[in-house]
């Protein structure tokens, strides 16, 4: 029996495990009556320019999942169908930004990361004005389109209608979730209120609201996904976030950590709530009063406009 023929002789019995966002599976079965385990994961993309130049033509069965402003996302196949009776399932999750800008190019290009510590003084004097400028430039248009019901409503899994509008939120699938693999479940909860730009705006008096929101979200997600129990979920926020409107990430605990869930990017929601509840000071004390460390890319505006000048002594810290 040739080595190459072993794979084709594998007889599947059951799926043992699936991880890395559904990109790796472990199958149990037999080959010639003897027990076998088959571990399969999707290989790296070919970076040969000839292949990359033809990439758009090689992708087939493109299925649009949604769009908002310049952002679109799809499921597609990189391989032809096996047969009419056994179609090849989608193996590509594609995000398209069009028309893209130079800022998008910088964001998605490889860049050296730097770990910075944002003091309350740096936040107040440098970062908060930067956040305000980003909002005034219209970078949140696509978020407000969703909240206001102008776009992407087919992707809204749930829109709450609380007695107090301050507690309202929307649940949507994260762009990187394929919307079917429960082990890689990743949802976003967008709050409707617009006065909280980031974790920095949270105060001691917000702790009860946050705790209630966390409980409500856990209940609603388990209703929408009966295969998931509350203790299979983790809740976190990003700092710095990609956009300055408060939102919470809800993820299955089995989903492998990536850069966006690691130290230097993600802050556990339960930790934030506890920190607010036990924080010294009056009710207006809050996350604006603490130091926060995080990573930034050397091409990011936060690095080029704030932290590099601070490092080089071209800007005073507070």
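Residue numbers (full-length UniProt numbering): 1 to 318.
For glycine and all other residues, C-beta sits at the position ideal for the given N, C-alpha and C.
As a beta-bridge residue in DSSP terms, residue 297 pairs with 113. The three-state reading of DSSP puts residue 166 in helix, counting H, G and I together.
By the CB criterion at 8 Å, residue 51 and residue 64 fall outside the cutoff. Contact between the segment 224–231 and the segment 288–300 is absent: fewer than 3 CB-CB pairs across the two stretches fall below 8 Å. Annotation: residue 191 to residue 269 spans about 14 Å, alpha carbon to alpha carbon.
In its chain, beyond the 5 residues on either side, 41 have a beta carbon closer than 6 Å to the beta carbon of residue 24. The segment 167–181 and the segment 201–208 do not touch, with fewer than 3 CB-CB distances between them shorter than 8 Å. Per DSSP, reduced to three states, the secondary structure at residue 55 is helical. DSSP places residue 72 inside the beta strand (DSSP E), whose first and last residues are 71–77. In the DSSP assignment, residue 237 falls within the beta strand (DSSP E) that extends over 233–238.
If you ignore the 5 residues before and after residue 155, its C-beta comes within less than 6 Å of the C-beta of 66, 172, all in its own chain and listed in chain order. Counting C-beta pairs closer than 8 Å gives three or more between the segment 297–304 and the segment 107–114, which meets the contact rule. For residue 46, the closest of 104, 55, 306 by C-alpha to C-alpha distance is 55. Excluding sequence positions up to five before and after residue 18, its CB lies within less than 6 Å of the CB of 25, 183, all in the same chain and listed in chain order. Taking all protein chains in view, the Cβ of residue 200 is crowded by 16 or more other Cβ atoms within 10 Å, so the residue is classified as buried. Taking residue 247 as reference, the option from 280, 97, 168 with the minimal CA-CA separation is 168. Residue 102 sits in a helix when the DSSP states are folded into three classes. For residue 36, the secondary structure class from DSSP, reduced to helix, strand or coil, is strand. Runs of the alpha helix (DSSP H) lying entirely within the segment 136–187, each at least 4 residues long, are 141–147 in chain order.
Separation of the CB atoms of residue 118 and residue 292 is rounded to 5 Å, and the pair is thereby assigned contact status at 8 Å. At a Cβ-Cβ threshold of 8 Å, residue 170 and residue 245 do not count as neighbours. Rounded to the nearest whole angstrom, the C-alpha separation of residue 16 and residue 37 is 9 Å.
The C-alpha of residue 128 is placed about 36 Å away from the C-alpha of residue 222.
Here residue 115 is exposed: its Cβ has fewer than 16 other Cβ atoms, across all protein chains shown, within 10 Å. Taking the Cβ atoms as the reference, residue 186 lies roughly 25 Å from residue 131, outside the contact range of under 8 Å. With a threshold of 16 other beta carbon atoms within 10 Å, residue 249 meets it and is buried.
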